[in-house]
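Peer 1: Handing you a structure now.
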Amino acid sequence: MELKLFGFIHDVTDYIDTKNNDLEIASNEIKIFLKELIEVSTDGYLNINRRVKSVPSVKEKIIRNNSYKEFNSPEEFISNLSDLIGIRIECRFIEDEYRIYGMIKRCFSMRHSDGYYYNSLNKNIRLELDGPQPQKQKNGFEIYRIDGVYEYNDELFNFELQIKSLVNVFWGEIEHKIIYKNNNYTVWDSFFKDIMGSINENLSMIDKQLHIIDDQFKQLNTINPSVRKNQIETTLSKMIYDIFSIKIKESIGFIVDFRKSCDTIMKYIFRTNHAENLDDYNMTLVKTFSRLNDISENKIDFTHEIIFEREIKLEDEFSKVMGETIIASINSDFQWNIFFRILFAIELGNNVEDFETFIQFIKERFSKNRSLSKLYVLFEENQAKEMIEKLLLTIVYSFKGIDSIKFIYDTNIVKINHALRYIVELICKNIQTYDDWLEYQEIYLDCFKMKILAIFDYKIEITKVKRFLEKAKDESNVIEISKDIIGYTHELETLSSIEAEQALKLFKL
Numbered sequence: 003m004e005l006k007l008f009g010f011i012h013d014v015t016d017y018i019d020t021k022n023n024d025l026e027i028a029s030n031e032i033k034i035f036l037k038e039l040i041e042v043s044t045d046g047y048l049n050i051n052r053r054v055k056s057v058p059s060v061k062e063k064i065i066r067n068n069s070y071k072e073f074n075s076p077e078e079f080i081s082n083l084s085d086l087i088g089i090r091i092e093c094r095f096i097e098d099e100y101r102i103y104g105m106i107k108r109c110f111s112m113r114h115s116d117g118y119y120y121n122s123l124n125k126n127i128r129l130e131l132d133g134p135q136p137q138k139q140k141n142g143f144e145i146y147r148i149d150g151v152y153e154y155n156d157e158l159f160n161f162e163l164q165i166k167s168l169v170n171v172f173w174g175e176i177e178h179k180i181i182y183k184n185n186n187y188t189v190w191d192s193f194f195k196d197i198m199g200s201i202n203e204n205l206s207m208i209d210k211q212l213h214i215i216d217d218q219f220k221q222l223n224t225i226n227p228s229v230r231k232n233q234i235e236t237t238l239s240k241m242i243y244d245i246f247s248i249k250i251k252e253s254i255g256f257i258v259d260f261r262k263s264c265d266t267i268m269k270y271i272f273r274t275n276h277a278e279n280l281d282d283y284n285m286t287l288v289k290t291f292s293r294l295n296d297i298s299e300n301k302i303d304f305t306h307e308i309i310f311e312r313e314i315k316l317e318d319e320f321s322k323v324m325g326e327t328i329i330a331s332i333n334s335d336f337q338w339n340i341f342f343r344i345l346f347a348i349e350l351g352n353n354v355e356d357f358e359t360f361i362q363f364i365k366e367r368f369s370k371n372r373s374l375s376k377l378y379v380l381f382e383e384n385q386a387k388e389m390i391e392k393l394l395l396t397i398v399y400s401f402k403g404i405d406s407i408k409f410i411y412d413t414n415i416v417k418i419n420h421a422l423r424y425i426v427e428l429i430c431k432n433i434q435t436y437d438d439w440l441e442y443q444e445i446y447l448d449c450f451k452m453k454i455l456a457i458f459d460y461k462i463e464i465t466k467v468k469r470f471l472e473k474a475k476d477e478s479n480v481i482e483i484s485k486d487i488i489g490y491t492h493e494l495e496t497l498s499s500i501e502a503e504q505a506l507k508l509f510k511l
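Each residue of the sequence shown is one higher than the last, beginning at 3 in our numbering.
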């Protein structure tokens, strides 16, 4: 059975094909109209480019943004695709970007009933000009990017208007083709980001770039075993990504970004091979490389559901909750599907056994947190076990609520373990007896859950926050209400939810 994702992609691409002529006409008319306005209104203008979003680009966006979960029909998806048509005004210098934007605001001065602005010569081309410009991008740099709509044959087509100087066009091409569109995993990702950032800031900052290169090679040539282990881990993760990115492109026609999944799979491989010292790491790397070489010669289908050979058996509550949550998404969430298809391909054996082993691996990433051993020092063994069980269940039920593959990314597991250490230290500091734990455990566990949710920018229902604060008032000897609550009192009454990070600021243990 084909994954629902690909059925949605087929429907969207078929719909775009039926609208392709209209989209080409619309994009060309927008280009011609803007060109006529700009040529008579401002200096510094060089050229206008147009494009209709390609089918591969649409496919990639659907998967990257999980659009197949958010929208119920191709029409709904397309109506929410802000850059279905792309228009780029190119100018000479950065200061010309500001001048052209000002000219556009002057020319598009009439307000339509939909809130967008138009020029009296053509009411069908409308721009959203109320927002701040230039906009801040995810990479930290600024860009003039304006949303627009074009009304054609009683239909609305979204378009995105960009204004770019020559240097920003050049920078955009570098970023788009070398970073954004290049999914080949690089061992020195952060290194290249530093280089690209320095180019954007100042093309003459060669000295800084040479220092970064020098530092990087010093690190690569170090004989420190821990650094060498990190290099081997990064190399294996890169190998996994390189092999399977090719397989994914062969199967579905384009590449998606699953590098963080490769990091987790890499950790899993080293852990299940009991790699401890440098020799173990080297041996595991060679063995896995041999397996990847075999995989490279075989065809892998990423369009069909994953099948398990028998019923999955998970013994404890943590494993059951995590396993059932993943199973519910494994054939509906493409990132989960990719993750386990790769893991099952690398690991010899049946899918069920590999899945059960992986769940145990994730549990141990938390249960072997060294800070938990402190509880055995302060409490009896059975009491410490019960406390640890409660902490682990808080983790897994948070995972169930978040329901995202991001939870098992290695960087996030590290953050969760940091939060776990923090809570254990508080318990060891403030809880004197097991009876104290029984009385106050709910406060500590709720706080721990909020810290986990904050890692993923998760929002908490305001009713739960209020309930926690009421409880905190009754336990003022354990928890202190922050002075910040004064500024939030009115806001809490108007909100339905609040970010976990903000909720944490309202109290102090």
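For each residue, glycine too, the CB sits at the ideal point set by N, CA and C. Keep in mind the model is a prediction, meaning the values are calculated, not measured.
Distance, Cα to Cα, L380 vs N371?
Peer 2: Residue mapping note: residue 380 aligns to position 378 of the sequence shown, counting from 1. Residue mapping note: residue 371 aligns to position 369 of the sequence shown, counting from 1. Their backbone Cα atoms lie some 17 Å apart in a straight line.
Peer 1: If we require 3 or more residues per run, which beta strand (DSSP E) segments fall completely within the segment 37 to 87?
Peer 2: Listed in chain order, they are 47 to 54.
Peer 1: Alpha carbons only, please: which of I145, L129, N126 is nearest the one belonging to Q135?
Peer 2: By one-based count along the sequence shown, residue 135 stands at place 133. Of I145, L129, N126, the residue nearest in Cα terms is I145.
Peer 1: Beta-carbon within less than 6 Å of V354's beta-carbon, same chain only, minus the 5 sequence neighbours each way: which residues are those?
Peer 2: As a first step, residue 354 is located in the sequence shown; it is residue number 352 there, counting from the start. Cβ neighbours of V354 beyond the five flanking positions: F310, E311, R312, I314.
Peer 1: Going by other Cβ atoms of all chains shown within 10 Å of its Cβ, with 16 needed for buried, is V169 buried or exposed?
Peer 2: Residue numbering aside, residue 169 sits at position 167 when the sequence shown is read from its first letter. It counts as exposed.
Peer 1: Which of the three DSSP states, helix, strand or coil, is assigned to N2?
Peer 2: Within the shown structure, residues of the chain are numbered from 3 to 511, placing residue 2 beyond reach of any answer.
Peer 1: Under the rule that 16 or more other beta-carbon atoms within 10 Å means buried, what is D536, buried or exposed?
Peer 2: What the structure shows of the chain is the stretch from 3 to 511, and residue 536 is not part of that stretch, so it cannot be assessed.
Peer 1: Tell me the rounded alpha-carbon separation between L316 and V416.
Peer 2: The residue given as residue 316 occupies position 314 in the sequence shown. The residue given as residue 416 occupies position 414 in the sequence shown. Straight-line Cα distance between these residues: approximately 24 Å.
Peer 1: Going by C-alpha to C-alpha distance, which of C264, H420, P227 sits closest to T2?
Peer 2: With the chain covering 3 to 511 only, the question about residue 2 has no answer from this structure.
Peer 1: Measuring alpha carbon to alpha carbon, tell me which of M268, M105, Q504, D303 ends up nearest K249.
Peer 2: Here residue 249 refers to the residue found at position 247 of the sequence shown. Minimum Cα distance to K249 is reached at D303.
Peer 1: Alpha carbon to alpha carbon, what distance is there between L5 and H306?
Peer 2: Indexing the sequence shown from 1 puts residue 306 at position 304. Indexing the sequence shown from 1 puts residue 5 at position 3. Looking at the two C-alpha atoms, the distance is approximately 6 Å.
Peer 1: What are the uninterrupted segments assigned as alpha helix (DSSP H) that are 4 or more residues long and contained completely in the segment 84 to 110, given in chain order?
Peer 2: For the segment 84 to 110, whole alpha helix (DSSP H) runs of length 4 or above, ordered along the chain, are 96 to 109.
Peer 1: Sorted by chain position, which residues of the same chain lie with C-beta nearer than 6 Å to F450's C-beta, five sequence neighbours on each side aside?
Peer 2: By 1-based counting over the sequence shown, the position of residue 450 is 448. Here the set comprises T396, I425.
Peer 1: Can you tell which of K269, I308, K301 has the C-alpha that lies nearest to the C-alpha of T290?
Peer 2: For the purposes of this step, residue 290 is taken as the residue at position 288 of the sequence shown. Cα-wise, what sits closest to T290 is K269.
Peer 1: Put Y154 into one of helix, strand or coil per three-state DSSP.
Peer 2: Translated into positions along the sequence shown, residue 154 becomes position 152. Of the three classes helix, strand and coil, the one that applies to Y154 here is strand, per DSSP.
Peer 1: Is it buried or exposed for M389, if we count other Cβ within 10 angstroms and need 16 for buried?
Peer 2: Indexing the sequence shown from 1 puts residue 389 at position 387. By the 10 Å Cβ count, M389 comes out buried.
Peer 1: Let me make sure I understand the geometry here. Which of S111, S115, D116 has the alpha-carbon closest to that of L123?
Peer 2: Along the sequence shown, read from residue 1 onward, the residue named residue 123 stands at position 121. Answer by Cα proximity: S111.
Peer 1: Alpha carbons only, please: which of Q443, L422, Q434, I445 is nearest the one belonging to I457?
Peer 2: The count along the sequence shown starts at 1 and reaches residue 457 at position 455. Closest by alpha carbon: L422.
Peer 1: Compare the Cα-Cα distances from D16 to each of P58, I40, S247, Q443 and report the closest residue.
Peer 2: Within the sequence shown, residue 16 is the residue found at index 14, counting from 1. Of the candidates P58, I40, S247, Q443, the one whose C-alpha sits nearest the C-alpha of D16 is P58.
Peer 1: Leaving out five residues on either side along the sequence, give the residues of the same chain with a beta carbon under 8 Å from the beta carbon of G373.
Peer 2: The residue given as residue 373 occupies position 371 in the sequence shown. The sequence given here places Ser at residue 373; Gly does not occur at that position. Taken in chain order, the residues that qualify are L422, R423, V426, E427.
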